[in-house]
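Worksheet: one structure, shown below.
In our numbering, the protein residues as written are 24 to 305.
If you want it as structure tokens, here you go:
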């Protein structure tokens, strides 16, 4: 991945503007026209010159050292995922092999996903395309078999299918985190036209993507929980693990656990009815 000074500048600016002086131990003062820290304040916290920091925010072709980036990450209170992304923007991510035109599900993975039912489970590829989903996932999220192949993508579904806002009780939190994970992954594939095409489609289709993208939120893939809503089961919590497939590192198995009574009810529900898929946008 080549250095990306423009994105580096945008990220630094977005993180500077979200911090208050009090959060970094500075007096608020009474002449601040905008929220956030001033450039010279960030420079002082990172022990670099204000001019050099300004060049970084302006996206000039300068290459800060890893020590400077660590100092900026500390000054701007970045978490570990954001700190790693900052380094990737300047010094590049570990090299990735050229991805194939179409992803192939790792052998045996689809059968494993089906055997986990009624515990929900699905597999995503490098671009968050849904490559496999068991019956419970199709009952709770959407019937991926009824979705056009071009739209079988969890990010696209999250931001363009109104049903996503009904299913996910905490839709905004989930959507922002997913967009952050997608952005962190897309950074590793700057020359993959499929990422560029999906990013463009998302911007065209979703006001939230257009509003949130400039924030440069970066979220690393990890385990957690979701609050789901189902017409027959009500609202309930699912805990999940995200497992990387050893043979195909870009594929992730997302496996969920739920209270025994929820799993028992899922097992008794009829197969998902075929929903009219959300129209494909090209």
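The beta-carbon is built from N, C-alpha and C at its ideal position, and this holds for glycine as well. This one's a predicted model, so the numbers in the text were calculated from it and none came from an experiment.
- Take the alpha-carbon of residue 133 and the one of residue 190: they are about 24 Å apart.
- Residue environment for residue 87: buried (at least 16 other C-beta atoms within 10 angstroms of its C-beta).
- The beta carbon of residue 162 is closer than 7 Å to those of 289, 292, 295 in its chain, skipping five residues each way along the sequence.
- Out of 260, 70, 99, 79, the CA that lies nearest to the CA of residue 45 is found in 99.
- DSSP places residue 257 within a strand segment (E or B) once states are collapsed to three.
- Secondary structure of residue 252 (DSSP, three-state): strand.
- Under the three-state reduction of DSSP output, residue 166 falls in the coil class, being neither helix nor strand.
- Rounded to whole angstroms, the gap between the alpha carbons of residue 285 and residue 140 is 12 Å.
- One Cα belongs to residue 181, the other to residue 202, and the distance between them is close to 9 Å.
- Distances from the alpha-carbon of residue 272 to those of 108, 128, 62 put 128 closest.
- If you draw a straight line from the Cα of residue 187 to the Cα of residue 261, it comes to about 16 Å.
- By the CB criterion at 8 Å, residue 144 and residue 228 fall outside the cutoff.
- For the options 224, 151, 156, the alpha carbon positioned closest to that of residue 183 is the one of 224.
- A direct Cα-to-Cα measurement between residue 156 and residue 249 gives close to 17 Å.
- Ranked by how close their Cα comes to the Cα of residue 253, the residues 280, 218, 159, 274 have 159 in first place.
- Under the three-state reduction of DSSP output, residue 239 falls in the coil class, being neither helix nor strand.
- Counting only runs that start and end inside the stretch 46-98, there is no beta strand (DSSP E) element of at least 3 residues.
- With respect to the 8 Å criterion, residue 175 and residue 146 are not classified as neighbours on the basis of their beta carbons.
- Bounds of any alpha helix (DSSP H) do not take in residue 271, whose DSSP letter is neither H nor E.
- A distance of 8 Å or more separates the beta carbons of residue 138 and residue 82.
- Under the three-state reduction of DSSP output, residue 178 falls in the helix class.
- Taken atom to atom, the span from the alpha-carbon of residue 169 to that of residue 90 is near 50 Å.
- Counted as a single uninterrupted DSSP element, the alpha helix (DSSP H) harbouring residue 132 occupies residues 132-138.
- Bounds of the alpha helix (DSSP H) holding residue 109 are 103-114.
- Annotated as distal: residue 206 and residue 244, with beta-carbon spacing of 8 Å or more.
- Between the alpha carbons of residue 58 and residue 109 lies a gap of roughly 23 Å.
- Using a 10 angstroms sphere on the CB of residue 264, the tally of other CB atoms stays under 16, which defines it as exposed.
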